[in-house]
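Structure first, commentary second.
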Amino acid sequence: MAEAPIRLGMVGGGSEAFIGNVHRIASRIDGHYALVAGALSSTPERAHASAEAIGIPRSYGGFEEMAEAEAAREDGIEAVSICTPNHVHAAAAMAFLSHGIHVICDKPLTATMADAEALAAAAEASGALFVLTHNYTGYPMIRQARQMVAEGALGKVRLVNVEYAQDWMTGPAEGKQAAWRIDPEKAGMGGALGDIGTHAYNLACFVSGLTLDSLCADLHVFGAGRSLDDNAHVMLRWQGGAKGMLWCSQVAPGNENAFRLRIYGDAGGLHWEQEEPNRLWFTPLGEPKRLLTRNGAGATSANTEASRIPGGHPEGYLEAFATIYAEAARAIHARRAGRTAPDGLLYPTLQDGLDGMRFISACLRSAEADAGWVAP
1 MAEAPIRLGM VGGGSEAFIG NVHRIASRID GHYALVAGAL SSTPERAHAS AEAIGIPRSY
61 GGFEEMAEAE AAREDGIEAV SICTPNHVHA AAAMAFLSHG IHVICDKPLT ATMADAEALA
121 AAAEASGALF VLTHNYTGYP MIRQARQMVA EGALGKVRLV NVEYAQDWMT GPAEGKQAAW
181 RIDPEKAGMG GALGDIGTHA YNLACFVSGL TLDSLCADLH VFGAGRSLDD NAHVMLRWQG
241 GAKGMLWCSQ VAPGNENAFR LRIYGDAGGL HWEQEEPNRL WFTPLGEPKR LLTRNGAGAT
301 SANTEASRIP GGHPEGYLEA FATIYAEAAR AIHARRAGRT APDGLLYPTL QDGLDGMRFI
361 SACLRSAEAD AGWVAP
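When we follow the UniProt record's numbering, the leftmost residue of the sequence shown carries the number 1, and every step to the right adds one.
Laid out in structure tokens, this is it:
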């Protein structure tokens with residue numbers, strides 16, 4: 001018997017917001033959620049107009065009002081998606097956590113380290129689930145890469161290199177989406193670091209299974225009139241002796257969304273690129289490169305479990321995002337039924353968010369010390 005859809009609310013992500021629409025599509029792909037309430041804008045008039053355009057039955061002028069009203073309803077929301085700029089994440093999440101409502105939040109976790117720590121305390125006190133949408137961890141080939149590393153296909157990991165390059169901030173920062181990302185009051189501690197560097201760091205940790213020991217960071221602002229980094233080069237030392245590099249940039253012409261991960265061990269290497277997400281290159285030491293594909297020959301269990309359709313049919317960004325929502329739903333359904341959550345759920349948690357904030361903080365401390373080595 002199919003379980004009833006999870007009643008979902010949304011904060012931010014109005015009808016014209018890119019990431020809001022991504023969250024809505026991701027929540028619908030597997031049929032686990034019904035979007036029934038929203039506070040879709042900081043401006044009540046726009047919030048109500050967006051709710052009407054999208055077809056959300058209950059619209060609120062602010063997240064505080066929404067949290068109180070939904071918690072008081074017998075048919076109130078069970079989970080909320082937070083799709084706002086970074087500076088709203090903490091307050092919005094805590095408003096719903098205080099009522100035991102599960103939170104699915106966009107990254108980075110918060111705008112400041114103090115907010116992150118306050119949110120962590122609120123989540124622990126609430127006992128509700130907290131899911132962070134580092135959606136790139138949902139790709140089937142990333143799940144396979146993680147499984148291969150864990151099972152020793154690369155031997156002892158020596159090198160973990162990751163880069164995330166875009167070009168959309170090369171010129172003047174125009175438009176609403178660019179404007180808040182260069183505003184420290186809204187974006188928080190990091191520019192490119194917070195926007196895409198946290199994705200890169202999270203993916204490197206997720207696939208390699210390694211824990212960061214220390215880093216040194218060279219941060220730069222190329223865009224005129226900006227105070228937050230738009231380019232970062234970070235050297236990484238992992239616990240256990242592995243080394244690595246992270247480059248994130250939003251001022252690299254010719255790179256639309258060039259997210260690449262390379263991991264090398266003493267027995268082989270892996271190479272994955274987000275713009276061709278259904279492919280993973282594996283090179284055993286001394287042997288030719290092997291092209292592994294989503295749900296194709298050589299697919300591991302982690303690959304097939306995260307795939308929805310037969311190999312050869314492309315799956316992409318939206319499906320990877322939907323995998324995070326689907327795994328969150330399995331955990332929420334288990335809570336609803338008084339069951340233990342099933343094994344093998346890999347959705348990013350609040351701890352991943354804290355790790356990302358500590359990464360940003362460490363990069364800033366390193367840059368202030370002229371790229372000195374610091375612990376996260």
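Where is the CB? At the ideal position from N, CA and C, for every residue including glycine.
Since I believe residue j is in contact with residue i (beta carbons under 8 Å), could you give me their beta-carbon distance rounded to a whole number of angstroms?
i, j, result
"LEU210", "VAL162", "Wrong, their Cβ atoms sit about 12 Å apart, outside the cutoff."
"LEU270", "ALA204", "Not really, about 12 Å apart at Cβ, beyond 8 Å."
"VAL80", "ILE54", "Actually they are not in contact, since the Cβ atoms of VAL80 and ILE54 sit about 15 Å apart, beyond 8 Å."
"PRO85", "TRP180", "5 Å"
"THR133", "ILE324", "6 Å"
"GLY296", "GLY311", "4 Å"
"LEU280", "MET141", "4 Å"
"ALA120", "LEU350", "6 Å"
"ILE29", "LEU212", "That pair is no contact at about 33 Å."
For residue i, count neighbouring C-beta atoms within 10 Å of its own C-beta (all shown protein chains included) and say buried if the count is 16 or more, exposed if not.
i, result
"SER301", "exposed"
"ILE104", "buried"
"ASP352", "buried"
"THR43", "exposed"
"ASP266", "exposed"
"GLU315", "buried"
"PRO288", "exposed"
"SER227", "exposed"
"ARG294", "buried"
"GLN239", "exposed"
"GLN144", "buried"
"ARG73", "exposed"
"GLN177", "exposed"
"LEU291", "exposed"
"GLU275", "exposed"
"PRO277", "buried"
"ILE182", "buried"
"HIS313", "exposed"
What residues in its chain sit with their C-beta under 6 Å from that of residue i, if we drop five residues either side in the sequence?
i, result
"TYR60", "ALA39 and MET66"
"LEU219", "ASP229, ALA232 and ALA367"
"HIS87", "ALA111 and LYS186"
"ARG260", "GLU163 and GLU273"
"TYR33", "PRO5, ILE6, LEU8 and SER27"
"GLY190", "ILE360"
"THR198", "LYS107, PRO108 and GLY356"
"ARG358", "PRO376"
"ALA165", "SER249, ALA252, ASN255 and ALA258"
"ASP115", "ALA90"
"ALA173", "ILE182"
Does DSSP put residue i in a helix, a strand or coil?
i, result
"LEU270", "strand"
"VAL157", "strand"
"ALA79", "strand"
"MET235", "strand"
"VAL374", "strand"
"VAL221", "coil"
"GLU163", "strand"
"ARG73", "coil"
"HIS87", "helix"
"TRP247", "strand"
"TYR201", "helix"
"ALA37", "strand"
"ARG226", "coil"
"MET189", "coil"
"GLY61", "coil"
"ASP213", "strand"
"ALA369", "coil"
"ILE25", "helix"
"ILE263", "strand"
Who are the near neighbours of residue i in its chain, counting only those whose CB is closer than 7 Å to its CB and skipping five residues on each side?
i, result
"ALA331", "LEU129, ALA341 and LEU345"
"VAL149", "VAL157, VAL207, SER208, GLY209 and ILE263"
"ARG146", "PHE206, VAL207 and ALA302"
"GLY268", "ALA153, LEU154, GLY155, PHE282, THR283, PRO284 and LEU285"
"SER126", "LEU97, SER98 and GLY100"
"ALA17", "CYS83"
"GLY372", "CYS216 and SER366"
"ALA95", "PHE63, GLU64 and ALA67"
"ARG46", "GLY14"
"TYR347", "VAL131, ILE324, GLU327 and ALA328"
"PRO57", "VAL36"
"SER41", "GLY14, ALA47 and SER50"
"PRO184", "SER227 and LEU228"
"LEU364", "MET189"
"MET235", "LEU215, CYS216 and MET245"
"LEU354", "LEU109, ALA116 and ALA120"
"ALA69", "TYR60"
Among residues of its own chain, excluding the 5 on either side of residue i, which ones have a beta-carbon nearer than 8 Å to its beta-carbon?
i, result
"ASP167", "GLN250, VAL251, ALA252, PRO253, GLY254, ASN255 and GLU256"
Hey, which unbroken runs of the beta strand (DSSP E) at 3 residues or more fall wholly within the segment 278–310? 279–284 and 290–293
Enumerated in chain order, which unbroken segments of the alpha helix (DSSP H) with a length of 4 residues or greater are wholly contained in the segment 304–364? 317–337
What are the uninterrupted segments assigned as alpha helix (DSSP H) that are 4 or more residues long and contained completely in the segment 94–182, given in chain order? 113–126, 140–150 and 176–181
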